[in-house]
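Peer 1: There's a structure below that I have some questions on.
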Amino acid sequence: MPPEENSTSRFDPLRPRLLRIAYRMLGSAAEAEDVVQEAWLRWHQTDRASVRDAGAVLVRTVTRLCLDVLKSARVRREQYVGTWLPEPIVEPMEGDDLTLTLMMALERLSPLERAAFLLHDVFGMDFDEVARAIDRDPAACRQLASRARGHVREARPRFPVTEEQGRELASAFFTATRSGDLGVLQTLLAQDVVLYSDGGGKAKAALNPIYGLEKNLRFVTGLLQRTGPNASRLVYEGKIDGLPGFVTVESDGVWQSTALAIEEGRIVTIYVTRNPDKLRAILRTLHEDTPS
Numbered sequence: 001m002p003p004e005e006n007s008t009s010r011f012d013p014l015r016p017r018l019l020r021i022a023y024r025m026l027g028s029a030a031e032a033e034d035v036v037q038e039a040w041l042r043w044h045q046t047d048r049a050s051v052r053d054a055g056a057v058l059v060r061t062v063t064r065l066c067l068d069v070l071k072s073a074r075v076r077r078e079q080y081v082g083t084w085l086p087e088p089i090v091e092p093m094e095g096d097d098l099t100l101t102l103m104m105a106l107e108r109l110s111p112l113e114r115a116a117f118l119l120h121d122v123f124g125m126d127f128d129e130v131a132r133a134i135d136r137d138p139a140a141c142r143q144l145a146s147r148a149r150g151h152v153r154e155a156r157p158r159f160p161v162t163e164e165q166g167r168e169l170a171s172a173f174f175t176a177t178r179s180g181d182l183g184v185l186q187t188l189l190a191q192d193v194v195l196y197s198d199g200g201g202k203a204k205a206a207l208n209p210i211y212g213l214e215k216n217l218r219f220v221t222g223l224l225q226r227t228g229p230n231a232s233r234l235v236y237e238g239k240i241d242g243l244p245g246f247v248t249v250e251s252d253g254v255w256q257s258t259a260l261a262i263e264e265g266r267i268v269t270i271y272v273t274r275n276p277d278k279l280r281a282i283l284r285t286l287h288e289d290t291p292s
């Protein structure tokens with residue numbers, strides 16, 4: 001077998017797993033793809049004949065590249081315009097149940113805590129493997145994962161809704177916000193609902209989170225006064241990073257994803273992404289799924 005063919009045949013089956021790890025580490029599909037591409041280049045330059053477990057080597061490479069990216073990412077996010085949200089995706093992440101809400105919880109962890117938790121709790125690696133991946137001893141990895149687990153446990157919904165209930169609430173929310181039916185909207189939103197909107201300085205968005213039912217109703221009213229009712233075009237309904245939601249084209253021509261966290265039949269958190277840089281993966285997926 002030619003060296004190039006051998007290199008590709010061992011790497012390509014692992015690519016989806018490597019992309020999932022990188023995305024969960026970084027919260028960005030674009031950065032995940034860059035990391036996996038860099039891992040491929042390094043793999044291509046490796047003495048592959050001496051590698052017994054390609055998966056272990058590549059997971060270790062991707063994890064360490066992600067840790068390097070996270071160091072600079074934290075600085076960039078401190079300078080980010082408005083609220084930073086993880087990049088939304090509509091494709092299901094096989095093998096884990098991390099939602100956008102839990103991704104937000106991961107953002108509060110240190111890079112090493114995040115890596116230890118993801119590799120062990122989400123991707124099923126034992127702590128000896130985790131230790132080799134992040135260059136720490138197994139006991140330290142157990143402590144890192146335990147601290148991370150506490151944060152994630154707090155963010156998990158206590159009373160999760162069924163997929164059908166989530167889909168119905170998302171559909172009702174879309175209709176109420178676009179038609180201006182505030183009466184219906186009041187029945188859908190929790191009293192302590194929070195809206196996060198990420199425009200990244202590249203699309204109009206609320207710079208700060210909007211807390212509480214009354215403020216969110218006023219926010220919707222203000223939007224409708226500027227755009228008029230039914231000004232959005234619905235493009236996609238379904239899961240967005242594990243949460244019920246939808247993708248729209250708004251009256252200003254901006255694509256937008258909306259994901260909803262739901263507790264006890266009420267919407268408790270609204271995640272709106274309008275930054276065009278963060279919607280590229282969604283647009284690519286939707287265009288691939290659209291018949292020509």
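Each residue of the sequence shown is one higher than the one before, counting from 1 in UniProt numbering. Each residue gets a CB set at the ideal place from its N, CA and C atoms; glycine is no exception.
1. Using the rule of at least 16 other Cβ atoms within 10 Å of the residue's Cβ for burial, across every protein chain shown, is Asn275 buried or exposed?
2. Relative to the C-alpha of Lys202, which candidate in Gly180, Tyr271, Thr83 has its C-alpha closest?
3. Please tell me whether Phe173 and Leu260 are closer than 8 Å, where the distance is taken between their beta carbons.
4. For a test of the three-state rule: what should DSSP assign to Arg233, helix, strand or coil?
5. With burial defined as no fewer than 16 other Cβ atoms inside 10 Å of the residue's Cβ, what is the status of Arg24: buried or exposed?
6. Taking Leu106 as part of the alpha helix (DSSP H), name the residues at either end of that continuous run.
7. Helix, strand or coil for Tyr23 per DSSP?
8. According to DSSP, simplified to helix, strand and coil, what is Glu263?
9. Report the residue from Ser50, Leu106, Pro13, Leu70 whose alpha carbon sits nearest the alpha carbon of Glu31.
10. Hey, could you find the ends of the alpha helix (DSSP H) Phe246 is sitting in?
11. Return the CA-CA distance between Ser257 and Lys239, expressed in angstroms with no decimal places.
12. Mapping the DSSP letters down to three states, classify Leu283 as helix, strand or coil.
13. Are there 16 or more other CB atoms within 10 angstroms of the CB of Glu163, so buried, or fewer, so exposed?
14. For the candidate residues Glu154, Pro209, Phe159, whose alpha-carbon lies nearest to that of Glu264?
15. In angstroms with no decimal places, state the Cα-to-Cα distance between His151 and Ala105.
16. How long is the line joining the alpha carbons of Gln37 and Leu118, rounded to whole angstroms?
17. Taking the continuous beta strand (DSSP E) assigned at Val152, which residues delimit it?
18. By the three-class DSSP mapping on this structure, what secondary structure does Ala205 have?
19. What three-state label does DSSP hand Leu189 in the structure shown?
20. If I measure Cβ to Cβ from Leu169 and keep anything under 8 Å in the same chain, skipping five residues before and after, which residues do I get?
21. For Pro291, which residues from the same chain have a beta carbon less than 7 Å from its beta carbon, with the 5 sequence-adjacent residues on both sides left out?
22. Where does Pro291 fall in DSSP's three states?
23. Out of curiosity, what's the CA-to-CA distance linking Glu113 and Ala54?
24. Out of Asp34, Gly228, Ile270, Asp137, which has the shortest C-alpha to C-alpha gap to Asp241?
25. Does the distance from the CB of residue 294 to the CB of Leu65 come in under 8 Å?
26. Which residues mark the beginning and the end of the alpha helix (DSSP H) in which Asp126 is found?
27. Between the beta-carbon of Val235 and the beta-carbon of Val249, is there less than 8 Å?
28. Any idea if Leu144 is buried or exposed, counting beta-carbon neighbours within 10 angstroms, 16 or more meaning buried?
29. With a CB to CB cut of under 7 Å and the five nearest residues on each side skipped, what residues in its chain are close to Gly166?
Peer 2: In short:
1. If you number the sequence shown from 1, residue 275 lands on position 275. Buried, since its Cβ has 16 or more Cβ neighbours within 10 Å.
2. Translated into positions along the sequence shown, residue 202 becomes position 202. Cα-wise, what sits closest to Lys202 is Thr83.
3. Taking the sequence shown and counting its residues from 1, the one referred to as residue 173 is at position 173. Taking the sequence shown and counting its residues from 1, the one referred to as residue 260 is at position 260. Yes. Within cutoff.
4. Along the sequence shown, read from residue 1 onward, the residue named residue 233 stands at position 233. Strand.
5. By one-based count along the sequence shown, residue 24 stands at place 24. Buried, because 16 or more other Cβ atoms sit within 10 Å of the Cβ of Arg24.
6. The residue given as residue 106 occupies position 106 in the sequence shown. That run of the alpha helix (DSSP H) goes 100-106.
7. The sequence position of residue 23 within the sequence shown is 23, counting from 1. In the structure shown, Tyr23 sits in a helix (DSSP, three-state: H, G or I).
8. The sequence position of residue 263 within the sequence shown is 263, counting from 1. Here Glu263 sits in strand by DSSP.
9. Residue mapping note: residue 31 aligns to position 31 of the sequence shown, counting from 1. It is Leu70.
10. Residue 246 sits at position 246 when you count from the first residue of the sequence shown. Careful: Phe246 lies outside any alpha helix (DSSP H), inside the beta strand (DSSP E) at 243-249.
11. On the sequence shown, position 257 is the one that residue 257 refers to. On the sequence shown, position 239 is the one that residue 239 refers to. Approximately 11 Å between the Cα atoms of the pair.
12. The count along the sequence shown starts at 1 and reaches residue 283 at position 283. Helix at Leu283.
13. Here the question's residue 163 lines up with position 163 in the sequence shown. Glu163 comes out exposed.
14. Counting from one through the sequence shown, the residue named residue 264 turns up at place 264. If we check each option's Cα against that of Glu264, Phe159 comes out closest.
15. Taking the first residue of the sequence shown as 1, we reach residue 151 at position 151. Taking the first residue of the sequence shown as 1, we reach residue 105 at position 105. The alpha-carbon atoms of His151 and Ala105 are separated by roughly 6 Å.
16. Taking the first residue of the sequence shown as 1, we reach residue 37 at position 37. Taking the first residue of the sequence shown as 1, we reach residue 118 at position 118. Computed Cα separation, rounded: 20 Å.
17. Residue numbering aside, residue 152 sits at position 152 when the sequence shown is read from its first letter. First-last for Val152: 138-155, but that is the alpha helix (DSSP H), not the beta strand (DSSP E).
18. On the sequence shown, residue 205 is found 205 positions in, with the first residue counted as 1. Ala205: coil per DSSP, three-state reduction.
19. As a working note, residue 189 is residue 189 in the sequence shown. Correct three-state label for Leu189: strand.
20. Within the sequence shown, residue 169 is the residue found at index 169, counting from 1. For Leu169, where only same-chain residues beyond five positions count, the Cβ hits under 8 Å are Val161, Leu188, Pro244, Leu260, Ile262, Gly265, Ile267.
21. Residue numbering aside, residue 291 sits at position 291 when the sequence shown is read from its first letter. Residue placement at Pro291 is flagged as unreliable, the pLDDT there being 44, under the threshold of 50; a coordinate-derived value is accordingly withheld.
22. Numbered from 1 along the sequence shown, position 291 holds the residue referred to as residue 291. Residue confidence for Pro291 is low, a pLDDT of 44 falling below 50, so the modelled location carries little weight; the figure read from the coordinates is stated next. Here Pro291 sits in coil by DSSP.
23. The sequence position of residue 113 within the sequence shown is 113, counting from 1. The sequence position of residue 54 within the sequence shown is 54, counting from 1. A straight-line Cα-Cα distance of about 24 Å links Glu113 and Ala54.
24. Translated into the one-based positions of the sequence shown, residue 241 becomes position 241. It is Ile270.
25. This structure leaves residue 294 out entirely; the chain is present only between 1 and 292.
26. As a working note, residue 126 is residue 126 in the sequence shown. Here Asp126 belongs to no alpha helix (DSSP H), and DSSP marks it neither H nor E.
27. Start at 1 with the first residue of the sequence shown, and residue 235 comes out as number 235. Start at 1 with the first residue of the sequence shown, and residue 249 comes out as number 249. Contact: yes.
28. Numbered from its first residue, the sequence shown carries residue 144 at position 144. Buried, because 16 or more other Cβ atoms sit within 10 Å of the Cβ of Leu144.
29. The residue you call residue 166 lines up with position 166 of the sequence shown. For Gly166, the CB contacts under 7 Å within the same chain, skipping 5 residues up- and downstream, are Pro244, Ile262 in chain order.
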